[in-house]
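A.B. asks: Numbering (our numbering), first residue to last: 33 to 192.
Heads up, the beta-carbon is just placed ideally off N, CA and C, and yes, glycines get one too.
This one's a predicted model, so the numbers in the text were calculated from it and none came from an experiment.
Mind looking over this structure? Questions follow.
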């Protein structure tokens, strides 16, 4: 059975760094950031997820994915291919995201208004959202990440 990992959190919350540390060797990286000039980013993203699953590869979707509007279509593709859907929630820390964002190269820096617009739409996933597993990801204070089952989330048994 394949897996679709959906990273959920503000810009500059550590999602891409977490992907590199946790999933780069095992999951295809799909991110709208990788095709900035595409006109239909969502359609392209869904196609790439489907193609990877069809090829028997696991996938990690590395975008803000702030609400069910973004993650529901990803879960639909996962179900279509019989894949497990795992959500990784990065609780918002606006100050930390702003500090990290300010350190980014100018070409990938997000305007502050973009971070606040995402914050306004950001919703913590829950048991009724269709994920098979839900995890919380926080900085561990040592440059890494602490991952724990999302309190009140879907059954989270597979990965500590």
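For the segment 95 to 179, list the alpha helix (DSSP H) runs that are entirely contained and at least 4 residues long, ordered along the chain.
C.D. replies: Those alpha helix (DSSP H) runs which fall completely within the segment 95 to 179 and span 4+ residues are 100 to 112, 126 to 135, 144 to 153.
A.B. asks: Relative to the C-alpha of residue 179, which candidate in 36, 34, 88, 54 has its C-alpha closest?
C.D. replies: When only C-alpha atoms are compared, the closest one is 54.
A.B. asks: To the nearest angstrom, how far is it from the Cα of residue 149 to the Cα of residue 50?
C.D. replies: One C-alpha to the other measures close to 23 Å.
A.B. asks: Once the 5 residues before and after residue 140 are set aside, which same chain residues still bring their CB inside 8 Å of it?
C.D. replies: Closer than 8 Å at the Cβ level, and outside the excluded window around residue 140, lie 65.
A.B. asks: Indicate whether residue 133 and residue 145 have their beta-carbon atoms separated by less than 9 Å.
C.D. replies: Their beta carbons are not under 9 Å apart, which means residue 133 does not touch residue 145 by this criterion.
A.B. asks: Assuming residue 118 contacts residue 163 under a Cβ cut-off of 8 Å, what Cβ separation, rounded to an integer in Å, is found between them?
C.D. replies: Yes, residue 118 and residue 163 are in contact; Cβ-Cβ is about 7 Å, under 8 Å.
A.B. asks: Which full runs of the alpha helix (DSSP H) of 4+ residues lie inside the segment 35 to 87, going along the chain?
C.D. replies: As far as the segment 35 to 87 is concerned, its whole alpha helix (DSSP H) runs of at least 4 residues are 47 to 54, 73 to 86.
A.B. asks: Quick check on the burial criterion: 16 or more other C-beta atoms within 10 angstroms. Buried or exposed for residue 107?
C.D. replies: It counts as buried.
A.B. asks: Would you mind stating whether residue 184 and residue 110 have Cβ atoms separated by less than 9 Å?
C.D. replies: Result no, Cβ atoms of residue 184 and residue 110 do not sit closer than 9 Å.
A.B. asks: Can you list, in chain order, the residues of its chain whose CB lies under 7 Å from that of residue 48, leaving out five sequence neighbours each side?
C.D. replies: Within the same chain, residue 48 has close Cβ partners 94.
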